[in-house]
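Just below is one structure, and these are the notes that go with it.
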Amino acid sequence: MVVDTAVLGEQQGEKQNGKKRRKRPRDPKAPAFPLRNWLVMLMVIISGLGLIGSSTAVYMVLRGVLYQRIDDDLYMGIDGWAKSLDLPPGMSTQRLPSDYAQVRLPVGGPQRVINGKGSPPDISKIEQLHQPITLPSVEGSLEERDWRAMATIGDNGSIIVVAKSLDQEQNLLRNLMAIQFVISLLTLALMGVAAYYLVRRALRPLREVESTALEIADGELDLRVPEWPRNTEVGQLSYSLNTMLGQLQDSVEDAQLKESQMRRFVGDASHELRTPLTSLRGYTELYRQGATDDVDFVLGKIDDESKRMKLLVEDLLALTRAEGSRLNKKQIDLFELSLAVMGSARAAFPERTVTVDNNANSVPVVMGDPDRMHQILLNLVANGLKHGGRDASVKLVLREDRTNFYLDVSDNGVGMSVDVAAHIFERFYRADSSRTRADSGGGSGLGLAITKSLVEQHGGTITVESEEGVGSTFTVAIPRAEPADPVDQADSADSAESDAADVGLKVENRPSRRPKIRPVFPGLQGERRKPS
């Protein structure tokens, strides 16, 4: 059967107040396209910002260097050759550098421009002396040009402005910007390609996880995602996912097993109840149609089938109570309990043998429900006596280790095969293939299932070892409890002596206060053996 894990997840999400867990709405700000695209875009944007920043820094540094060099030349010109030039009006100089200009404002005289290249600087914007400033050309010039200028006062009181054209420097800076732009575009393109392949490679494990998850959603619950080193994020993710998938698989398999058991339980219960009902109807129809006049025979058969149906219903109720009831736990002396069970078994099967051996070095005290523990042992002992025939004998042995006390219930019956023993604790399981064993007095097939459920409620385990033709041994392991006080132990021994006497047993006290049982009824024995 293939289980839809999505449906399973929704069912497991239904928790408190019986409300179904609501799906969290998608964040409208969440990315609407794949993560790898976001990562590539983010890397390209960051790289672009870095390139813009570096290009701007290079541009500003170079511009500052160029302007500083021009300013140094202007200072040298102001303090040197600019003051020594004294040309007649209207005459130009050949001693000025070609990219320099000079503007003179004599006191009370007209402005004279020397070597202005047809686009002299607009000196009206100068506000301070001996301070470099960038000036545009005057309006109406032949061409737009920027100047770097500085003003000073000459020896005769005239104002002298020395300016240098920025054509060469601005061309250099424009070429630098163009080169940086091309280099940045190529770098971003290469960065985008490299980022795409790097991100694709880095996200490859996530794609494998996605592929595996889709296959698991289709029912392949035994699949696991590949594992990577735990010191990486993907490795931690793969480990967590595999752990989750293992738990999910266990949960699904457990759910499937429980569903299968439930179906089988319902089917077997229906079948078991249908059989006696069919027999009841058959016998009533037989009598109604006049096929027999033997009323006692018909009533006897009806009574047998009614008892069988009652037994089945009682066993079903007992199993339900065993699985859902709370235990009234208290300290229990297992030896005392074994004596009580031995007496009950002797009363039910007076011709068969039951023995009890106590091989525990300490007082076998456990925490449990006395009635349920009595039911566990009596079920096992009665099961061995019932199926062992008239010569059946059952031996109950107590032993211990550091954590548990053990009760071994052994019989000399027909035994079981390995296949039968593997299913013996299942509900309605029977060693033979027949579903109806009314003639042979067969039970409902729930006794050992009830026993197993009760043992597990006490925190213990039950196992079986069997050999065909030799017999079977059921072993119940119950966790140890703190031993009772010495006075309580003495009272327990006295109680055991009293109970044994009630069923026809004599008890002989020992200094250890542990009773030794002498058989009064034939076939009923009990003793405490010292471990060798």
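Those letters in the sequence shown? Residues 1 to 532, per UniProt numbering, in order. Built from N, CA and C at the ideal position, the CB exists for glycine as well. Being a predicted model, the structure only gives us computed values, none of them experimental.
For the beta strand (DSSP E) that contains residue i, what are its first and last residues?
{"i": "PRO136", "result": "133–136"}
{"i": "GLN331", "result": "330–333"}
Using 8 Å for Cβ pairs, my map puts residue i next to residue j. What's the rounded Cβ distance?
{"i": "VAL365", "j": "ILE332", "result": "7 Å"}
{"i": "PRO370", "j": "LYS310", "result": "In fact, because the Cβ distance is near 26 Å, the residues do not count as touching under 8 Å."}
{"i": "ALA101", "j": "PRO120", "result": "6 Å"}
{"i": "LEU135", "j": "ILE123", "result": "7 Å"}
{"i": "ASN358", "j": "PHE335", "result": "5 Å"}
{"i": "LEU327", "j": "ARG372", "result": "6 Å"}
{"i": "GLY460", "j": "ALA477", "result": "5 Å"}
{"i": "LEU446", "j": "LEU316", "result": "7 Å"}
{"i": "GLY415", "j": "SER362", "result": "In fact, because the Cβ distance is near 33 Å, the residues do not count as touching under 8 Å."}
{"i": "VAL162", "j": "ILE78", "result": "6 Å"}
{"i": "VAL58", "j": "TYR196", "result": "VAL58 to TYR196, Cβ: 28 Å. No contact."}
{"i": "LEU377", "j": "SER338", "result": "7 Å"}
{"i": "GLU314", "j": "PRO276", "result": "Incorrect: roughly 13 Å between the Cβ atoms, too far for contact."}
Which two residues bound the contiguous alpha helix (DSSP H) that contains residue i?
{"i": "VAL365", "result": "No alpha helix (DSSP H) holds VAL365; the beta strand (DSSP E) holding it covers 365–368."}
{"i": "PHE474", "result": "Per DSSP, PHE474 belongs to no alpha helix (DSSP H); it is in the beta strand (DSSP E), 471–479."}
{"i": "ILE52", "result": "35–79"}
{"i": "THR152", "result": "Premise fails: THR152 lies in the beta strand (DSSP E), 146–153, not in any alpha helix (DSSP H)."}
{"i": "ASP419", "result": "418–423"}
{"i": "ASP222", "result": "Taken as a continuous stretch (DSSP letters only), ASP222 belongs to no alpha helix (DSSP H), as it is neither H nor E."}
{"i": "TYR196", "result": "167–202"}
Would you mind working out which of the options sits nearest residue i, comparing C-alpha positions?
{"i": "SER475", "options": "TYR67, VAL455 and ARG346", "result": "Strictly speaking, residue 475 in this sequence is Thr, with Ser absent from that position. For THR475, the nearest C-alpha among the options comes from VAL455."}
{"i": "LEU448", "options": "ASN156, SER270, TYR59 and ALA422", "result": "ALA422"}
{"i": "GLN128", "options": "LEU203, ILE153, ARG145 and GLU143", "result": "ILE153"}
{"i": "ARG201", "options": "VAL161, LYS125, VAL234 and LEU286", "result": "VAL234"}
{"i": "GLY64", "options": "GLU314, HIS387 and LEU173", "result": "LEU173"}
{"i": "ARG69", "options": "LYS164, TRP38, THR56 and ARG36", "result": "LYS164"}
{"i": "LEU105", "options": "LEU317, GLY80 and ASN156", "result": "ASN156"}
{"i": "THR243", "options": "ASP222, ARG372 and ASP294", "result": "ASP222"}
{"i": "ALA178", "options": "VAL397, LYS386, THR56 and LYS301", "result": "THR56"}
{"i": "LEU214", "options": "LEU203, LEU245, LEU198 and MET191", "result": "LEU245"}
{"i": "GLU390", "options": "ILE160, ILE159, HIS374 and GLU351", "result": "The sequence shown places Arg at residue 390, not Glu. Ranking ILE160, ILE159, HIS374 and GLU351 by Cα distance to ARG390 puts GLU351 first."}
{"i": "ILE302", "options": "THR292, VAL397 and THR284", "result": "THR284"}
{"i": "ALA189", "options": "SER47, ARG36 and THR463", "result": "SER47"}
{"i": "LYS387", "options": "VAL162, ILE160 and PHE349", "result": "Before going on, a small fix: residue 387 reads as His here, not Lys. Nearest of VAL162, ILE160 and PHE349 to HIS387, Cα basis: PHE349."}
{"i": "TYR67", "options": "TYR406, ASP146, SER158 and GLU139", "result": "ASP146"}
{"i": "ASP401", "options": "GLU305, PRO479, GLN256 and GLY192", "result": "PRO479"}
{"i": "VAL44", "options": "VAL420, THR232, VAL193 and GLU139", "result": "VAL193"}
{"i": "LYS395", "options": "ARG427, ARG346, GLU259 and THR292", "result": "ARG346"}
{"i": "VAL464", "options": "ILE450, SER453 and ILE424", "result": "ILE424"}
{"i": "GLY282", "options": "HIS374, SER137, LEU299 and VAL266", "result": "LEU299"}
{"i": "LEU203", "options": "GLU220, ASP218, LEU248 and LEU35", "result": "LEU35"}
{"i": "HIS374", "options": "THR451, ILE462 and GLU468", "result": "THR451"}
Just list the residues that DSSP pairs residue i with in beta bridges.
{"i": "VAL397", "result": "ASP357 and ASP408"}
{"i": "SER466", "result": "SER472"}
{"i": "THR461", "result": "ALA477"}
{"i": "PRO121", "result": "SER137"}
Report task. Would you check if the region 362–382 and the region 335–352 touch, i.e. whether three or more CB-CB distances between them fall below 8 Å? Result -> With the cut-off at 8 Å, the region 335–352 and the region 362–382 touch.
Worksheet item: Counting pairs of Cβ atoms below 8 Å between the region 456–474 and the region 410–421, do you hit three or more?
Response: yes
*Assess, as a yes-or-no matter, whether the region 230–249 is touched by the region 205–213 under the definition of 3 or more beta carbon pairs within less than 8 Å.*
Yes: at least three Cβ pairs fall under 8 Å.
- Any 3 or more C-beta pairs closer than 8 Å across the region 145–159 and the region 58–75: yes
query = Any contact of the region 179–186 with the region 45–55, i.e. 3+ C-beta pairs under 8 Å?
reply = yes
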